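Take the sequence shown: its position 22, counted from the start at 1, is 22 in the UniProt record's numbering, and no numbers get skipped.
Notes follow the structure.
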Amino acid sequence: MIHSVKEIYLTSYSLTQTCHSLYIRGYRGTTFSDWLGHASYHNMTQLKLDRCNYCCLLPSLGRVPSLKRLYIRGLGGLVTIGQDFYKNDDNSSLTTLFPSLEDLSFSDMPVWEEWSSFEGVQGDVFPRLRTLHLRNCPRLISDLPNHLPPLEYLYIGECPNLVSSLPRSPAIKLLGIESCESLKLSQHPEQEELPRSVRSLNIGGSVLVKSVFEAMAIYNNDFTTCLEKLSIIFLFLCHIISWRLSTRFIESTGNIPV
């Protein structure tokens, strides 16, 4: 772990060859050194950046070939995540960015406002991402990645200004959304629907709960077919909501805890 340093100058050959997990906490610089995202870190599988309060730019990590878990928390100066996050100019032969990444988490990001789309980035991005976790990013407005086919677990909480639709994924099993009143289920509100693969649904907030039931209403005549894998529904913070459910809908959810 690297802790409470003003600048990082590490260029150690041994670090490049042997580092599997790196935890940087309390780093006081505004940017990270270029070595952190170099493709030669072929053994690094986990990276944590924690409470780096002055950091305003993430390192370019898309070329790190074996990185599986990336946890970013408490970067107090970061406003935008741009395309530099995905790649740098090291002329790496990798055409797939974040080729091994499975878990990605952002939390406690007080001034983060924008997550720039990677649609303009050449090459495949996040081809193995299974878990995406966003929590307590109060100024985040846009945009979430809109197409993450392997994604299975998605949690978004305490992002009240996030105006975005959920990433499209046919594999989502667990969907959790809390205190994100501006979030949309779909890019097209008139066609909002829940992913059919969802097994566990945890939704908090009156607006979101209403959207969920409106989406379910689309399938009132065939609910068991459209969400046949759903086994858990947990709804909370929705005391001002009232709705009507069809008899068929109630019967089809008879064995599901709500």
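Where is the CB? At the ideal position from N, CA and C, for every residue including glycine.
Note that the coordinates shown come from a computational prediction; the quantities given were computed from them, not determined experimentally.
- Where Gly204 is concerned, the enclosing beta strand (DSSP E) starts and stops at 200-204.
- Shown here, Phe234 sits in a strand according to DSSP, grouped into three states.
- CA-CA distance, Asn53 to Lys229, rounds to 42 Å.
- Here Ser169 is buried, its C-beta having at least 16 other C-beta atoms within 10 Å.
- Per DSSP, Ser107 is one residue of the beta strand (DSSP E) stretching across 103-107.
- Between the alpha carbons of Glu158 and Phe106 lies a distance of about 12 Å.
- With a cutoff of 8 Å on beta-carbon distance, Val111 and Arg139 are scored as near each other.
- With a beta-carbon spacing of about 4 Å, Asn202 and Gly176 fall inside the 8 Å limit used to define contacts.
- In the assembly as shown, Tyr23 is an exposed residue. Its beta-carbon has fewer than 16 other beta-carbons within 10 Å.
- For Asp34, the three-state secondary structure derived from DSSP is helix.
- Residues Pro138, Ser179, Cys180, Glu181, Ser182 of the same chain have their beta carbon placed closer than 8 Å to that of Pro160, with the five preceding and five following residues left out of the count.
- Distance from the Cα of His20 is smallest, within the candidate group Leu36, Ile156, Ile233, Phe85, for Leu36.
- In the DSSP assignment, the residues bridged to Trp115 are Ile81.
- Per DSSP, Thr45 is not a residue of any beta strand (DSSP E), being assigned neither H nor E.
- In the DSSP annotation of this structure, the continuous segment of the beta strand (DSSP E) that includes Ser21 starts and ends at 21-25.
- Boundaries of the beta strand (DSSP E) harbouring Gly157: 153-157, taken from the DSSP string.
- Your pair Ser116 and Ile156 does not check out as a contact, with CB atoms roughly 18 Å apart and the cut at 8 Å.
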